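**Q** So the protein sequences, as listed, match chains A and B. Going by this note's numbering, the letters in the first sequence line up with residues 26 to 313, in that order. Going by this note's numbering, the letters in the second sequence line up with residues 731 to 986, in that order. C-beta atoms are modelled at their ideal positions from N, C-alpha and C, and glycine is treated no differently. Here the structure is a predicted model, which means the values were calculated and not measured.
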Amino acid sequence: MTDTALPHSSRDAHDIAHLELVPRKHVGRKVFAAIVLILVALLIRAFVVGQIEWPVVGQFLFAPVIIQGIWNTLLMTVAAMSLGIALGVLIAIMRISGNPVLEYIALVYVWIFRGAPALLQLLLWFNLALIFPTMGIPGLFEINTVEVMTPFVAAMLGLGIQQGAYTSEVVRSGLLSVDTGQYEAARTIGMTGMQTLRRIVLPQAMRVMVPPVGNEVISMVKLTSLASVIQYSEILHNAQVIYYANTRVLELLMVASFWYLAIVTVLSLIQSRIERHYARGTRGRTTI
Amino acid sequence: MTSEILVKAVDVCKSFGTFKALDDVGLEVRKGEVSCIIGPSGSGKSTFLRCINLLERIDSGAIWANGELIGYRRDGDKLYELSDAEIARQRRGIGMVFQRFNLFPHKTALENVIEGPVQVLGESPKAAREHAMDLLNRVGLAGKGGNYPAELSGGQQQRVAIARAMGMRPSLILFDEPTSALDPELVAEVLDVMNDLAASGMTMIVVTHEMGFARNVSNTVAFMDGGRLIEHGPSARVLTQPDNPRTADFLKAVQR
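1. DSSP on Y878 (chain B), reduced to helix/strand/coil?
2. So which residues on chain A does R787 (chain B) lean against when the C-beta distance must stay under 8 Å?
3. Is the beta carbon of G215 (chain A) closer than 8 Å to that of G1008 (chain B)?
4. Give the range of the beta strand (DSSP E) segment to which M160 (chain A) is assigned.
5. For a contact defined as C-beta to C-beta under 9 Å, what are the partners of G218 (chain A) on chain B?
6. Alpha carbon to alpha carbon, how far is L969 (chain B) from M954 (chain B)?
7. At a CB-CB cut-off below 9 Å, which residues of chain B make contact with Q296 (chain A)?
8. Inspect the beta-carbon positions of A839 (chain B) and L809 (chain B) and report whether they are closer than 8 Å.
9. At the 8 Å Cβ level, is G934 (chain B) part of the contact set with chain A, yes or no?
10. Quick check: is the beta carbon of G797 (chain B) nearer than 8 Å to any beta carbon in chain A?
11. Would you identify the three-state DSSP class for G75 (chain A), choosing helix, strand or coil?
12. So, at 6 Å on beta carbons, what are the nonlocal neighbours of T748 (chain B) in its own chain, with the 5 sequence-adjacent residues on each side left out?
13. Which same chain residues, not among the five before or five after Q887 (chain B), have their C-beta less than 7 Å away from its C-beta?
14. Could you work out which residue in A:V171, A:L165, A:F57 is closest to L155 (chain A) when comparing CA atoms only?
15. Please classify P972 (chain B): does DSSP put it in a helix, a strand, or coil?
16. Which same chain residues, not among the five before or five after N877 (chain B), have their C-beta less than 7 Å away from its C-beta?
17. What separation, rounded to the nearest whole angstrom, lies between the Cα atoms of A792 (chain B) and T938 (chain B)?
18. Taking a Cβ distance cut-off of 9 Å, strictly less, list which residues of the region 850-865 of chain B are near chain A, in chain order.
19. Am I right that S193 (chain A) and A117 (chain A) are in contact with their C-beta atoms under 8 Å? What's the rounded C-beta distance?
20. Say whether the region 815-823 of chain B touches the region 755-770 of chain B, bearing in mind that this needs 3 or more beta-carbon pairs closer than 8 Å, one atom from each stretch.
21. Beta strand (DSSP E) containing Y716 (chain B): first to last residue?
22. Indicate whether the contact test is met: 3 or more Cβ pairs, each with one atom in the region 928-937 of chain B and one in the region 912-920 of chain B, closer than 8 Å.
23. Quick check: is the beta carbon of R212 (chain A) nearer than 8 Å to any beta carbon in chain B?
24. Starting from E45 (chain A), find everything on chain B with Cβ-Cβ shorter than 8 Å and list it in chain order.
25. State the CB to CB distance for the pair C743 (chain B) and D789 (chain B), rounded to an integer number of angstroms; the pair is presumed to be in contact (CB under 8 Å).
26. Where L99 (chain A) and L115 (chain A) are concerned, what is the direct C-alpha to C-alpha distance, given to the nearest angstrom?
27. Let's test the definition: count the other Cβ atoms within 10 Å of the Cβ of P908 (chain B) and tell me whether it reaches 16, buried, or not, exposed.
28. If we call anything under 8 Å between Cβ atoms a contact, is D753 (chain B) one with R976 (chain B)?
29. What is the DSSP secondary structure of T909 (chain B), counted as helix, strand or coil?
30. Exposed or buried, N842 (chain B), counting other C-beta atoms within 10 Å across all chains shown (16 or more means buried)?
31. Taking P176 (chain A) as the reference, give the member of A:L165, A:V195, A:Q146 with the closest Cα.
32. Starting from I892 (chain B) and walking both ways along the alpha helix (DSSP H), at which residues does that stretch end?
33. Would DSSP call T933 (chain B) helix, strand or coil?
34. For the alpha helix (DSSP H) that contains Y257 (chain A), what are its first and last residues?
35. Helix, strand or coil: how does DSSP classify M174 (chain A) here?
36. With a threshold of 16 other CB atoms inside 10 Å of the CB of L779 (chain B), please say whether the residue is buried or exposed.
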């Protein structure tokens, strides 16, 4: 028996309330924290002493062209994401509709638009006039594709349609997360399929869908920068226009980075608000 | 009891793959009658109940409820399958209470009760609300209207589910093992509400393992085994002097 073992006979040994408590040292934690802090300091120093003219960054941060780019980025995010969510819900409902033709079409949609790179899809829409010079219903109306397919429309279709393929999977997993008992309970009070979806299933599916859709909105903010390639005047495009003129490439990229980060930060705050709204009726389940 | 027949099932068959869940089941339930369906698990009791309001589609046979052929419209010598909307209309008159309550978790107790009346029957929210408060009061949950299901005990949730079914003013309520998912001490409060409901003249078909309820409250008892309806009659007789030896064996096993 070692001296740390409990002496069963002694009453004094159990009376430990008056002893001094020595907390754990956490030596390892402190060492790692110090190493990481040093690395971060070196990184900050590199940017400070590097060849970036910070005053130029400040000068262009609120330039009218950049502000205009922010609005266009936000507009494109809303437009493409709205289209994506609308298509996503539609495709997800087609997948569970029980109609084999609709199910198959939904599958093919997801397969194609999830399979091609977003940039490539943007270029396809933008250059649609090359294969379809005019669009319309024969005999009713006809329009020139070039006039319709502005950078805005091309970017919205390209980003929104590929987003619909991803969002449909999120919506579908949301719909599947709702217990079949909910569908049955809705039926027993005489609800039709659409009523059941709208009133009972989708509101519950939202709780599951909001975090991933929030992530997708945030991805979309950054994805809109692809539209710069087809001359849509969003943040990155406008920053590029300026640096082609004044050659301050890195400074303007910093300006663009700042604004993307700012937008994403605001959106993250909104996302947590929405999550709280749809969590009503459930007990908090943030820890395992 | 000689009132009109509210539910009539004739030669109902239903298979899941190769498993024959229901085999020529026939049953009549009169208006105001409380009918218990008892039997071992897997005997087809719940499946039969779910066929009455078309949660399951039957393979052959026919079920009438509230004077209508369920799921079909007869025109001359042809049967036409009903549309979704017509099936939904037939279900309005048939309430259902589930083993696992199936309350809408994103709605409060009160909202659960008024959902059907407002969305399906088109009642004004105000009238539906008053009716719902009255129903919650009847099931002993007057102060719980604002609570979400997750904030209620199992027994309270099941009582809300009963109020929800009653909110549609059905002529018949189906109970699918309403006390089987409850902690033993919560069973009585749900059975009490069902007693009151039975006393008020509601027609009820109750799939249950509660022999006390079958004996004391129900008018008739049906015994099912292996997808067949073995025996059906006044509860006092079926439960004390069953004709069929299988019924006797089952009763002996559950009353041990």
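**A** Taking the structure as given:
1. Under the three-state reduction of DSSP output, Y878 (chain B) falls in the coil class, being neither helix nor strand.
2. What R787 (chain B) touches in chain A: nothing, since even the nearest Cβ is about 13 Å away.
3. Coverage of chain B is limited to positions 731 through 986, which leaves residue 1008 (chain B) absent and any answer about it impossible.
4. 159-162
5. D814, A818
6. One C-alpha to the other measures close to 13 Å.
7. Near Q296 (chain A) there are no residues of chain B at all, since even the closest Cβ is about 19 Å away, more than 9 Å.
8. 8 Å or more divides the Cβ of A839 (chain B) from the Cβ of L809 (chain B).
9. Here residue 934 (chain B) turns out to be Met, not Gly, going by the sequence shown. With 8 Å as the cut-off, M934 (chain B) does not count as an interface residue toward chain A.
10. no
11. Residue state, collapsed to three classes: coil.
12. none
13. F831, L833, P879
14. A:V171
15. coil
16. T838, A839
17. 24 Å
18. V850, L851
19. 5 Å
20. no
21. Since the first residue of chain B shown is 731 and the last is 986, residue 716 (chain B) is not available in this structure.
22. no
23. For R212 (chain A), the answer is yes, since a Cβ of chain B falls inside 8 Å of its Cβ.
24. What E45 (chain A) touches in chain B: nothing, since even the nearest Cβ is about 46 Å away.
25. The pair is a contact, with the Cβ atoms about 5 Å apart (cut-off 8 Å).
26. 24 Å
27. buried
28. no
29. coil
30. buried
31. A:Q146
32. 884-897
33. strand
34. It is not in any alpha helix (DSSP H) - Y257 (chain A) carries neither H nor E in the DSSP assignment.
35. coil
36. Buried, since its Cβ has 16 or more Cβ neighbours within 10 Å.
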